[in-house]
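So the structure is just underneath, and the comments pick up after that.
There are 2 protein chains.
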Amino acid sequence: MPRRIVVVGAHAAGVEAASAARRADRTAEITLITDERHAGYSRCGIPFVLAGHIPSFRGLVVYPLAYFKMMKLNLRTETVVTAIDPSAKVVEVRDKEGIEEKIPYDSLILATGAFPFVPPIRGREKEGVYVVRTIEDGERIDRALKEAKSAVVVGAGLIGLEVASSFVERGAKTTVVELLPRVLPLMLDDDMARVVHEELEKAGMRIIVSRGVDEILGAEKVTGVSVAGEEIKADLVVVATGVRANVELAKRAGIAIGETRAIKVDARMETSVNDVYAAGDCVECISLITKRPILSQLGTTAVRQARVAGVNAAGGQAFFGEVLGASVTKLLGLEVGATGLTEEAAKRAGLDVISGTLSSKTRSEYYPGALPIKVKIVAERDTLRIVGAQIVGGEEVTQRINALSFAMQKGMTLKELAAAETCYAPPVSETWEPMVLVAQKMLR
Amino acid sequence: MPRRIVVVGAHAAGVEAASAARRADRTAEITLITDERHAGYSRCGIPFVLAGHIPSFRGLVVYPLAYFKMMKLNLRTETVVTAIDPSAKVVEVRDKEGIEEKIPYDSLILATGAFPFVPPIRGREKEGVYVVRTIEDGERIDRALKEAKSAVVVGAGLIGLEVASSFVERGAKTTVVELLPRVLPLMLDDDMARVVHEELEKAGMRIIVSRGVDEILGAEKVTGVSVAGEEIKADLVVVATGVRANVELAKRAGIAIGETRAIKVDARMETSVNDVYAAGDCVECISLITKRPILSQLGTTAVRQARVAGVNAAGGQAFFGEVLGASVTKLLGLEVGATGLTEEAAKRAGLDVISGTLSSKTRSEYYPGALPIKVKIVAERDTLRIVGAQIVGGEEVTQRINALSFAMQKGMTLKELAAAETCYAPPVSETWEPMVLVAQKMLR
Chain A
1023 MPRRIVVVGA
1033 HAAGVEAASA
1043 ARRADRTAEI
1053 TLITDERHAG
1063 YSRCGIPFVL
1073 AGHIPSFRGL
1083 VVYPLAYFKM
1093 MKLNLRTETV
1103 VTAIDPSAKV
1113 VEVRDKEGIE
1123 EKIPYDSLIL
1133 ATGAFPFVPP
1143 IRGREKEGVY
1153 VVRTIEDGER
1163 IDRALKEAKS
1173 AVVVGAGLIG
1183 LEVASSFVER
1193 GAKTTVVELL
1203 PRVLPLMLDD
1213 DMARVVHEEL
1223 EKAGMRIIVS
1233 RGVDEILGAE
1243 KVTGVSVAGE
1253 EIKADLVVVA
1263 TGVRANVELA
1273 KRAGIAIGET
1283 RAIKVDARME
1293 TSVNDVYAAG
1303 DCVECISLIT
1313 KRPILSQLGT
1323 TAVRQARVAG
1333 VNAAGGQAFF
1343 GEVLGASVTK
1353 LLGLEVGATG
1363 LTEEAAKRAG
1373 LDVISGTLSS
1383 KTRSEYYPGA
1393 LPIKVKIVAE
1403 RDTLRIVGAQ
1413 IVGGEEVTQR
1423 INALSFAMQK
1433 GMTLKELAAA
1443 ETCYAPPVSE
1453 TWEPMVLVAQ
1463 KMLR
Chain B
1023 MPRRIVVVGA
1033 HAAGVEAASA
1043 ARRADRTAEI
1053 TLITDERHAG
1063 YSRCGIPFVL
1073 AGHIPSFRGL
1083 VVYPLAYFKM
1093 MKLNLRTETV
1103 VTAIDPSAKV
1113 VEVRDKEGIE
1123 EKIPYDSLIL
1133 ATGAFPFVPP
1143 IRGREKEGVY
1153 VVRTIEDGER
1163 IDRALKEAKS
1173 AVVVGAGLIG
1183 LEVASSFVER
1193 GAKTTVVELL
1203 PRVLPLMLDD
1213 DMARVVHEEL
1223 EKAGMRIIVS
1233 RGVDEILGAE
1243 KVTGVSVAGE
1253 EIKADLVVVA
1263 TGVRANVELA
1273 KRAGIAIGET
1283 RAIKVDARME
1293 TSVNDVYAAG
1303 DCVECISLIT
1313 KRPILSQLGT
1323 TAVRQARVAG
1333 VNAAGGQAFF
1343 GEVLGASVTK
1353 LLGLEVGATG
1363 LTEEAAKRAG
1373 LDVISGTLSS
1383 KTRSEYYPGA
1393 LPIKVKIVAE
1403 RDTLRIVGAQ
1413 IVGGEEVTQR
1423 INALSFAMQK
1433 GMTLKELAAA
1443 ETCYAPPVSE
1453 TWEPMVLVAQ
1463 KMLR
């Protein structure tokens, strides 16, 4: 009898896991279940459709129905998994017609993702208040944006700033309100966040930090928000104050939840319950730096975990390691990236760290088009092991973050980075790479 | 009495060494001697002035005279070092007026660079035949280019292709003739070189490989070249068939020369003669991969060696490591980079290697502007240690090469690369980084 693999979720993690399972077991019956109408699309692309960079939300579908057919994956959309019974090894589902069914599995993969957490702000139920998670969310915001002259985004994390940037590009007067004292508070320290803050304000975005939204104003439909006594006009409000792992289903099935409130998994991505795997935004990771549980909730982490879960669910043997949480984005032309711990997070984790920053150019001084770049490195004081990096600047931030991530994954020290070989040509870099220079500066 | 430090050469390596010496010893008397009229300029920038990207050759001067003044470095231009007497610890010089002088030193740094090697092609002495090394070379070519309708570049190495690209951009009908069977023969394997070859031909350059120039034609002034029976018209010819380390001075002073015909140095960049250091294109390096002597002759290697030489010449203690020879360039919009050994070079060095290539995109499929990128990795068959990488493609090649260089400097294996964490956002990268995908592909 063919192995029956059920995957709950059908986006980055779900489809990747199902595909890996298929490659590992050609005869398995693989079923993906999602409560959404659309499957296999990139959530990360939504802000860039809003900005108009990508022509339509349909463009975000990375895995069209033909893919599921080709890979012989049974896809059930608009179907809710209502319960998991690990002892009977069945999932209970209900489709959009209300028809209930029990689907048996040999291996189950939970790729239930996360949901936008909306803090209890007064007025949050008003018309014109949105979150950003699904294509439908994106379409709703897009429609509202067509009429909107002003907008407020609550939360200056990655999604908040990406959405706010798209609003600025669409010509809406946009204000971002962040409760914490800086933008990208989990990704950057104060000194680096200040650069992003200033550049975005220069580009036309208003940013208010260290303040919460006291109330969302308007009768039925939103007209603005109240922040520290000030009324800020807004035809639409997006709440982007972070996501929470979707663990209800797992919890009710008796699957262990970790201290980060996400699903605990071992290195094979198996949960506390036999034959139940999990991957993506719903699972807890282990930090490469602190060896403690953390949340990663990034697309790259999701797909890498999903491959491991898929292989193991299909009877193979694969392992997932520890994470750095390397992330990057591009905001109104400004690239921002980070990997490992911020200085603040490192100190909070009890590490004794030193840090250094350096401002340089992305190309030879004499080569036109060179853009400013600022690099920050955080390292352990005694071992000089690099534990974090942040980069804000014009070009090739993504691959610089990857370079430092590779370095950290191999335990590179500041001394090694200070002596590291890099490549150079006038149109693409400086003779002395800023990542190397900051390490040299820190050692002096 | 202050320490007397003499530096022969005043470009990348010379100035960097002198500056490092100055920082290490505030009171030293530091003298730089160059036979050129201009000091402290970037040779690497010359092709990009020719292309018109940089407005003038003067723009290449990275260290103006004010810098030498500020750093209290005595600069002697148009002065030839005629001999070194290591027993008396003096260098003998002759300035442009023909006045000879003996300059005593406590420490001597040789940054004598390299010279363009011109093979004995018939007609190479004709008017209109140039090499590319100095600003004067650049100015001569620039003048000739103003009148030229067609040009031939002999040699398809980095400099040859950069110069040929500049000619194409300036509107000259340009042909490159390479004796070896591919372009960038030291940097790329055949499969990767083919991509560069095709892209450059698409962009309007003609490239002939596996053929030498039999004769440079014309009465006094060049009119063309003869290649395998074909006459190719050319109003100017540039010979870019590589450089040779400038070791005459060192050789005559009894300083040991290595098997690569460059100056042998230890990890402190000291030559076989006490208190004589060397750095840059004139020295021999040790390969990080094979642990055997190699030539690097890159700007990044030069400045890193020079800092070490400068510190040690000033009584400090610094060490230079082994090299990968990481290089990059941008040719008519096409980025090309490499680090470590090519597959061919690895096999020639006796390594048992495997290789893999992968073609991907630089951004999410759905994000406009994604460019094709091709990555090749070479690894040792038994240990799976990565020993080389080549990348040809549209964006962020430089920092990808740096990422792989960091990985190789820390001994990363294919397995580790296949599981490596990278960062992602739709405008700047793909969810699965091609460097990681090629490693996964090689392990299957």
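Same order as they appear, the protein sequences are chains A and B. Counting the first sequence from 1 gives a position; the working numbering is that position plus 1022. Counting the second sequence from 1 gives a position; the working numbering is that position plus 1022. Beta carbons: idealized from backbone N, C-alpha and C, even for Gly.
6 angstroms CB neighbourhood of residue i in its chain, flanking five on each side removed
i                      : result
residue 1295 (chain A) : 1108, 1277
residue 1325 (chain A) : 1034, 1038
residue 1338 (chain B) : 1046
residue 1275 (chain A) : 1106, 1108
residue 1462 (chain B) : 1440
residue 972 (chain B)  : The displayed coordinates of chain B run from 1023 to 1466. Any statement about residue 972 (chain B) would go beyond what the structure contains.
Residue nearest to residue i in terms of C-alpha spacing, selected from the options
i                      : options                        : result
residue 1078 (chain A) : A:1065, A:1090, A:1088         : A:1065
residue 1368 (chain A) : A:1231, A:1413, A:1462, A:1211 : A:1211
residue 1302 (chain A) : A:1028, A:1024, A:1036         : A:1036
residue 1153 (chain A) : A:1225, A:1266, A:1204         : A:1266
residue 991 (chain B)  : B:1310, B:1440, B:1091         : Not covered by the structure: residue 991 (chain B). The range shown for chain B is 1023 to 1466.
residue 1184 (chain A) : A:1168, A:1166, A:1155, A:1202 : A:1155
residue 1422 (chain B) : A:1446, A:1223, A:1222         : A:1446
residue 1194 (chain A) : A:1169, A:1457, A:1130         : A:1169
residue 1040 (chain A) : A:1084, A:1058, A:1097         : A:1097
residue 1227 (chain A) : A:1191, A:1426, A:1251, A:1084 : A:1191
residue 1411 (chain B) : B:1393, B:1391, B:1362         : B:1362
residue 1329 (chain B) : B:1042, B:1031, B:1024, B:1150 : B:1042
residue 1417 (chain B) : B:1433, B:1352, B:1461, B:1379 : B:1352
residue 1439 (chain B) : B:1425, B:1451, B:1349         : B:1425
residue 1073 (chain A) : A:1173, A:1256, A:1188         : A:1188
residue 1213 (chain B) : B:1343, B:1250, B:1379         : B:1379
residue 1059 (chain B) : B:1274, B:1087, B:1048, B:1124 : B:1087
residue 1384 (chain A) : A:1114, A:1413, A:1451, A:1349 : A:1451
residue 1409 (chain B) : B:1365, B:1246, B:1253         : B:1365
residue 1398 (chain B) : B:1458, B:1342, B:1386, B:1288 : B:1458
residue 1161 (chain A) : A:1415, A:1080, A:1419, A:1349 : A:1080
Same chain, Cβ closer than 7 angstroms to residue i, five either side skipped, listed in chain order
i                      : result
residue 1334 (chain A) : 1290, 1291, 1292, 1299, 1340
residue 1389 (chain B) : 1448, 1449
residue 1455 (chain B) : 1444
residue 1342 (chain B) : 1289, 1291, 1326, 1327, 1330
Same chain, Cβ closer than 8 angstroms to residue i, neighbours up to 5 away in sequence not counted
i                      : result
residue 1076 (chain B) : 1067, 1070, 1082
residue 1280 (chain A) : 1286, 1306, 1315
residue 1216 (chain B) : 1204
residue 1025 (chain A) : 1047, 1049, 1050, 1051, 1128, 1129, 1336, 1337
residue 1166 (chain A) : 1150, 1152, 1257, 1258
Query raised in the report: At which residue ranges does the segment 1354-1408 of chain B contain complete beta strand (DSSP E) runs of 3 or more residues, listed in the order of the chain?
Result: Whole beta strand (DSSP E) segments, 3+ residues: 1356-1362, 1375-1383, 1394-1402.
Requested in this report: Name, going along the chain, the residues of the segment 1386-1398 of chain B whose beta-carbon falls closer than 9 angstroms to a beta-carbon of chain A.
Outcome: Correct list: 1386, 1387, 1388, 1389, 1390, 1391.
Query raised in the report: So does the segment 1388-1407 of chain B actually touch the segment 1365-1380 of chain B, counting three or more Cβ pairs closer than 8 angstroms?
Result: Taking 8 angstroms as the limit for Cβ pairs, the verdict is that the segment 1365-1380 of chain B does touch the segment 1388-1407 of chain B.
Query raised in the report: Is the segment 1231-1243 of chain A touching the segment 1106-1122 of chain A in the sense that three or more CB pairs, one from each, lie closer than 8 angstroms?
Result: A contact between stretches requires three or more CB pairs, one per stretch, nearer than 8 angstroms, and the segment 1106-1122 of chain A fails this requirement with the segment 1231-1243 of chain A.
Query raised in the report: In the segment 1286-1303 of chain B, which residues sit with their C-beta less than 9 angstroms from some C-beta in chain A, listed in chain order?
Result: Against chain A - using a Cβ distance shorter than 9 angstroms - the segment 1286-1303 of chain B contributes no residues.
Requested in this report: Could you please tell me which residues of the segment 1124-1137 of chain B, in chain order, have their CB closer than 7 angstroms to any CB of chain A?
Outcome: None of the residues of the segment 1124-1137 of chain B has a beta carbon lying less than 7 angstroms from any beta carbon of chain A.
Report task. Within the segment 1151-1229 of chain B, note down every full beta strand (DSSP E) run reaching 3 residues or more, in order along the chain. Result -> Counting whole runs of 3 or more residues, the segment 1151-1229 of chain B contains the beta strand (DSSP E) stretches 1172-1176, 1195-1199.
Query raised in the report: Where in the segment 1253-1285 of chain A do unbroken runs of the alpha helix (DSSP H), each at least 4 residues long, occur, reported from the N-terminal end onward?
Result: Fully enclosed alpha helix (DSSP H) runs of 4 or longer: 1270-1274.
Report task. Could you name the residues of the segment 1320-1336 of chain B whose beta carbon sits closer than 8 angstroms to any beta carbon of chain A, in the order they occur along the chain? Result -> The segment 1320-1336 of chain B vs chain A, Cβ under 8 angstroms: 1320, 1321, 1322, 1323, 1325, 1326.
Requested in this report: Please name the residues in the segment 1348-1374 of chain B whose beta-carbon is closer than 8 angstroms to at least one beta-carbon of chain A, in chain order.
Outcome: Going along the segment 1348-1374 of chain B in chain order, one finds 1348, 1349, 1350, 1351, 1352, 1357, 1359, 1361 with a Cβ nearer than 8 angstroms to chain A.
Report task. Give the residues from the segment 1058-1072 of chain A that approach chain B closer than 8 angstroms (Cβ to any Cβ), ordered along the chain. Result -> Among the residues of the segment 1058-1072 of chain A, those with a Cβ less than 8 angstroms away from any Cβ of chain B are 1064, 1066, 1067, 1070, in the order of the chain.
Query - Inter-stretch contact at 8 angstroms, needing at least 3 Cβ pairs: the segment 1251-1263 of chain A / the segment 1171-1178 of chain A - result: They touch, by the three-pair rule.
Requested in this report: Could you list the residues in the segment 1438-1450 of chain B with a C-beta less than 9 angstroms from some C-beta on chain A, going in chain order?
Outcome: Taking 9 angstroms as the Cβ-Cβ cut-off against chain A, the residues of the segment 1438-1450 of chain B that qualify are 1438, 1439, 1441, 1442, 1443, 1444, 1445, 1446, 1447, 1448, 1449, 1450.
Query - Residues, ordered as in the chain, of the segment 1025-1036 of chain B that lie near chain A by beta-carbon distance below 8 angstroms - result: If the cut-off is 8 angstroms between Cβ atoms, the segment 1025-1036 of chain B has 1034 near chain A.
Query raised in the report: Using a Cβ cut-off of 9 angstroms, which residues of the segment 1075-1094 of chain A contact any Cβ in chain B, in chain order?
Result: Residues passing the 9 angstroms Cβ filter: 1075, 1076, 1077, 1081, 1082, 1083, 1084.
Query - Residues, ordered as in the chain, of the segment 1421-1438 of chain A that lie near chain B by beta-carbon distance below 8 angstroms - result: Within the segment 1421-1438 of chain A, the residues whose Cβ lies closer than 8 angstroms to any Cβ of chain B are, in chain order, 1421, 1422, 1423, 1424, 1425, 1426, 1427, 1428, 1429, 1431, 1432, 1433, 1434, 1438.
Query - Ranges of the alpha helix (DSSP H) found wholly within the segment 1025-1109 of chain B, counting only runs of at least 4 - result: Along the segment 1025-1109 of chain B, the alpha helix (DSSP H) occurs as fully enclosed runs of 4 or more residues at 1034-1046, 1068-1072, 1087-1092, listed in sequence order.
Requested in this report: Scan the segment 1249-1267 of chain A for residues whose Cβ lies nearer than 7 angstroms to a Cβ of chain B and list them as they occur along the chain.
Outcome: Correct list: empty, as no residue qualifies.
Query raised in the report: Residues in the segment 1135-1164 of chain B with C-beta within 9 angstroms of chain A's C-beta atoms, listed in sequence order?
Result: Flagged: no residues at all.
Report task. Starting from the N-terminal side, write out each stretch of the beta strand (DSSP E) that is 3 residues or longer and does not extend beyond the segment 1402-1451 of chain B. Result -> Within the segment 1402-1451 of chain B, the complete beta strand (DSSP E) runs of at least 3 residues fall at 1408-1415.
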